[in-house]
Ligand code: CP
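Residue numbers (our numbering): 62 to 408.
Structure below.
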């Protein structure tokens, strides 16, 4: 195959920030080639199995990983913690060390999804992935956890590049100097920080100006804000945070409107979903609509999906001519094929 000369083989993907810019571009380049030649890579994981370990439900992630494994000649197996007798804080069972070591004897890679409501505090999901990564002898891939969603981030920037660049030519440099607005949206789902944080990180690595617009009390992880700020400085881009949603829209090229939880979402070791939803629904004006999109520089609308229509964004924008949501969703398949090929293919 390509290109990266095997340097990604065996690597975990927990956050894009831990891959170099060159490695991310290699993955995107391969994803583009895989999209153009959909069934041209069926030898890559021939007869191999990828384990998908889901603590939370999914539409896109499960389906796209299953299709990805099939299209690489292998198979993806769905696993749930309830069928695995794992040790938890409250119950006896098998340790992550034992599970990861045994799973590594069977599979070419292990994906894990664990979101906010399966954690007792922010960061616990990230720690679980890193515990798997410590013991597993095969790559660990985040399929979305409480802090990051790297496959979503790769699919996002692939989609934005396709929409903002010239037809038929894929050049991620097209994103340099473009303004990405990360707009908090009110909603009934109390969502994790993983997708928005990943988009900020990878967008800033590709030179995008980043604006985060959120009501007071909806700050994201300070460490991720700091990384984004530093990425922007390194790549000659601007970073700003505002509570003024209208100002945020001005001049934007990509609008990402999504709900996210407040930093106070956990109390006494529990994720307080209902309280978060009640608090968020008070901000009814925090919605992406056509009037706000008219303030942008002909921006595209993006969202990782599932969308909370009528809260995060109006139907006419989500289904409108500048919405790239279905292309981004499709790209999950292509970027995951690329990631699996680069990290899991046997020489
Ligand atoms: N974007 C995303 O991860 O979608 P699912 O939750 O449906 O997998």
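Glycine included, C-beta positions come from ideal geometry on N, C-alpha and C.
Classified as buried, residue 213 has 16 or more neighbouring CB atoms from the shown chains inside 10 Å of its CB. For residue 152 and residue 83, the gap between their C-alpha atoms comes out near 43 angstroms. Taking C-beta atoms as the reference points, residue 121 and residue 390 count as a pair closer than 8 angstroms.
DSSP links residue 113 through a beta bridge to 139, 172. The beta carbons of residue 113 and residue 395 sit no closer together than 8 angstroms. Between residue 261 and residue 298, the C-beta spacing is not below 8 angstroms. Scanning its chain for C-beta atoms nearer than 6 angstroms, with the 5 sequence neighbours on each side dropped, one finds around residue 365 the residues 213, 256, in chain order.
Exclusion of the five residues before and after residue 350 leaves 375, 378 as the residues of its chain whose Cβ lies within less than 7 angstroms of its Cβ. Leaving aside the five residues that flank residue 71 on each side, the residues in its chain whose CB is nearer than 7 angstroms to its CB run, in chain order, 200, 404. A Cβ-Cβ distance of about 6 angstroms is found for the pair residue 304 and residue 277, placing them in contact under the 8 angstroms criterion. Between residue 289 and the set 318, 279, 314, 259, the nearest pair of CA atoms involves 259. Between ligand 1 and the CB of residue 202, the shortest heavy atom gap is not smaller than 7 angstroms. Three or more beta-carbon pairs separated by less than 8 angstroms are not found between the stretch 100-107 and the stretch 307-323, which leaves the two stretches without contact.
Bounds of any alpha helix (DSSP H) do not take in residue 364, whose DSSP letter is neither H nor E.
The alpha helix (DSSP H) runs of length 4 or more contained entirely in the stretch 159-245 are, from start to end of the chain, 185-196, 211-225. Relative to ligand 1, the beta carbon of residue 119 is positioned inside 7 angstroms of a heavy atom.
For the stretch 317-391, the continuous beta strand (DSSP E) assignments of 3+ residues that do not extend past its boundaries occur at 361-363, in sequence order.
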